[in-house]
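Engineer: Here you go, one structure.
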Amino acid sequence: MYFSVGTAAKTYIILTVIATICSLVTTYLFLQEKEDLLLHKKQLQLLRISSELERNIEKESFTKQVTTVDNMAISGKEKALLINKWLQPVLMKLSAEYPDYGFGIYSKQLERIVAIGPEFDENRLIKVVRHESLKVYASRQPEYSRFNNSTGWGGKPILNIAYPIFYQGEVVGHTWASAKTEDVMVELQVVQAQVILYTAAIYMAILAVIWFAFNKWYRGLRRLAAYIKNHNQQEELTREFPELQFLIEEIAGLRDTLETEHQQREKVLQEIARIDRLDSVGDMAASIGHEVRNPMTTVRGYLQLFQRKQQFAEHAEQINTMIEELDRANSIITEFLSLAKNKAVNMKVGNLNTVIYALYPLLQADALRRGHEIGIELDSIPDSNFDENEIRQLILNLVRNGLEAMQQEGLVTIRTYTRGKWLILSVEDKGPGIQEEVLAKLGMPFVTTKEEGTGLGLPVCYRIAERHGAKISVKTGSDGTTFIIRFCLQAMPV
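And the structure:
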């Protein structure tokens, strides 16, 4: 069967790779453990042999004979040969029981090997130069070593253990036993061959099961794709794959919601575009806002100074106009800075109703000046965390937008209430509503229908809501517009 390079094929390949890696790792770890076990068994065998050789030596006689021979005026090799005549038979007796092992006895006082097997060679009765073999005198306990070459067995690698010989609490020499490493390796290779065969058989069985499962799933997916495309084979599909019954029902339901999903996607794209534009404007404002504001403050200061001087009295009206325009420009910069996404907020526990009550006289005065009214309908709501200055700015912007939207005498109503986990703030006006083409761009910087508007009021509101973890939604029609801000109480701990 052929798998195209898709999700199924990739999954099949991944599972195959995982199975391969697991098989290789498992085989390696098992063989490593088996090698360690074989080496440990060999080490224990060497310990038994060396300790048995040590027990076969009469310690007092060994010490006395070594001392006697050491006092003779002969060479070191001749001393070792004299001791060897007594000890070599003891060693060869043990060697007959263990023909595949090497043995030896070493005298600390003579600093020489005094017996060696399984084959005796007087030229090997020499001084030991391997530091590992002499560790036994410092540690006073058996010492296990592994040498890459040996003095016997043609220089092949060996395993070796040195066992201390004690007399009256002192280490007077040591015995040793050794074995060729290749003996362990031969046994290990037999085990390796068996393990590899077993692992390969299991591995092939796993691959076969994976292939069979994917083959069946692939056919099922092909039938499912045909059902989605042509709305046929449903009965056959659910009979062979009853697990897909739920999926088929879900697909049928999804067909009915595709249009809704498409509309929601368009809204999300609009929201992303709005946020991107807010971020761009906010970043720009944060980078240049202070640089522009500082010289403006200087200019305004000089204008106020000129305003107080008599020689500029005839230009008082022009100076006042310039100061007002500077103040207007400064307020626009403030709105720009409010768009910065990283603007610091001072979150404190408070109640939205308290902020609205405090703002009401100011809002009502502004409304009366325009020939309108402000109404408030405030339910009892819990305290929450918010930045009071930002919430004031949010309410002021929304209410003033509502007042400006009404051409004739009208009413702007501010409401607060809770719905489950949501704390709701709404601002409703009785204007003509928002046109569809404007509604699609709502919240984007510089989008305005006012002749002297900056198009920053609503973007500031959206940014403030974002910093408070709130969402803004809009209901609009010919009888008016309502901005609804939903604060999540769970996201605003008090």
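With UniProt numbering as the guide, the letters of the sequence shown map in order to residues 1 to 494. Even for Gly, the Cβ is constructed at its ideal location relative to N, Cα and C.
(1) Three-state secondary structure (DSSP) at K471?
(2) The beta strand (DSSP E) with N404 in it runs from where to where?
(3) Apply the 10 Å Cβ neighbour rule to S107 and answer buried if 16 or more other Cβ atoms are within range, or exposed otherwise.
(4) At a cut of 8 angstroms, does the stretch 77–92 reach the stretch 33–52 through at least three beta carbon pairs?
(5) Relative to the alpha-carbon of I484, which residue among I424, E466, D387 has its alpha-carbon at the smallest distance?
(6) In chain order, which continuous runs of the beta strand (DSSP E) of length 3 or greater are located wholly inside the stretch 403–435?
(7) Is E78 helix, strand or coil by DSSP?
(8) Spatial neighbours of L398 within its chain, please: CB distance less than 7 angstroms, with the 5 preceding and 5 following residues excluded, ordered by chain position.
(9) Can you give me the Cβ contacts of L37 inside the same chain, cut-off strictly under 8 angstroms, excluding the 5 residues immediately before and after it?
(10) Specify, as a first and last residue, the run of the beta strand (DSSP E) that I165 falls within.
(11) Answer yes or no: do A19 and I206 have a C-beta to C-beta separation smaller than 8 angstroms?
(12) Determine, using beta-carbon pairs with one atom in the stretch 346–362 and one in the stretch 377–387, whether at least three such pairs fall under 8 angstroms.
(13) Please state the DSSP three-state secondary structure of K93.
(14) Taking contact to mean at least 3 C-beta pairs separated by less than 8 angstroms, is the stretch 44–60 in contact with the stretch 172–184?
(15) Between which residues of its own chain and G104 is the CB-CB distance below 6 angstroms, once the five residues before and five after are set aside?
(16) Below 8 angstroms CB to CB, which residues in the same chain sit around V184 once its five sequence neighbours on both sides are set aside?
(17) Please list, in chain order, all residues of the same chain as V494 whose beta carbon is under 8 angstroms from its beta carbon, the five residues on each side excluded.
(18) Is T16 near the ligand COA, with its Cβ less than 7 angstroms from a heavy atom?
(19) So what's A200 in DSSP terms, helix, strand or just coil?
(20) Does the structure place the stretch 361–381 close enough to the stretch 408–422 that three or more beta carbon pairs sit under 8 angstroms?
(21) T476: buried (16+ other C-beta within 10 angstroms of its C-beta) or exposed?
(22) Could you give the uninterrupted runs of the alpha helix (DSSP H) lying entirely in the stretch 21–67, keeping only those of 4 residues or more?
(23) Starting from I356, trace the alpha helix (DSSP H) in both directions and tell me its first and last residue.
(24) Can you check which of these residues, L94, G480, K93, G469, is closest to L489 by C-alpha distance?
(25) How would you label K93, buried or exposed, when you count the other beta carbons within 10 angstroms and need 16 or more for buried?
(26) What are the start and end residues of the beta strand (DSSP E) that includes residue 498?
(27) Once DSSP output is grouped into helix, strand and coil, what is the label at A440?
(28) Could you work out which residue in T481, R140, R467 is closest to L442 when comparing CA atoms only?
(29) Taking the straight line between their C-alpha atoms, what separation do you get for I464 and L394?
(30) Would you call I13 buried or exposed, if buried means 16 or more other Cβ atoms sit within 10 Å of its Cβ?
(31) To the nearest angstrom, how far is the alpha carbon of W86 from that of I196?
(32) Within this structure, are the beta carbons of P432 and S478 separated by less than 8 angstroms?
(33) Look up H174 in the DSSP assignment and say whether it is helix, strand or coil.
Structural biologist: Straight from the coordinates:
(1) strand
(2) According to the sequence provided, residue 404 is Glu. The question's Asn does not apply to it. Looking at the DSSP string, E404 is not in any beta strand (DSSP E); the run it does join, the alpha helix (DSSP H), is 388–405.
(3) buried
(4) no
(5) I424
(6) Runs of the beta strand (DSSP E) lying entirely within the stretch 403–435 and spanning at least 3 residues, in chain order: 411–419, 422–429.
(7) In this structure, E78 counts as helix in the three-state DSSP scheme.
(8) The residues are V427, C461, F483.
(9) Result list for L37: empty, nothing under 8 angstroms.
(10) 158–167
(11) yes
(12) Touching, yes, given that three or more Cβ pairs across the two stretches are closer than 8 angstroms.
(13) helix
(14) yes
(15) I113, I116, W176
(16) E35, L38, L39, K42, L159
(17) Only weak support exists for where V494 lies, its pLDDT of 44 falling under 50; the coordinates are left without a value.
(18) Absence of the ligand COA is noted for the structure shown, with no ligands found whatsoever.
(19) helix
(20) yes
(21) buried
(22) Whole alpha helix (DSSP H) segments, 4+ residues: zero.
(23) 352–369
(24) G469
(25) exposed
(26) The structure shown does not extend to residue 498, since the chain is modelled only from 1 to 494, so the question has no answer here.
(27) coil
(28) T481
(29) 7 angstroms
(30) Result: exposed.
(31) 51 angstroms
(32) Contact annotation: P432 and S478 have beta-carbon atoms nearer than 8 angstroms.
(33) strand
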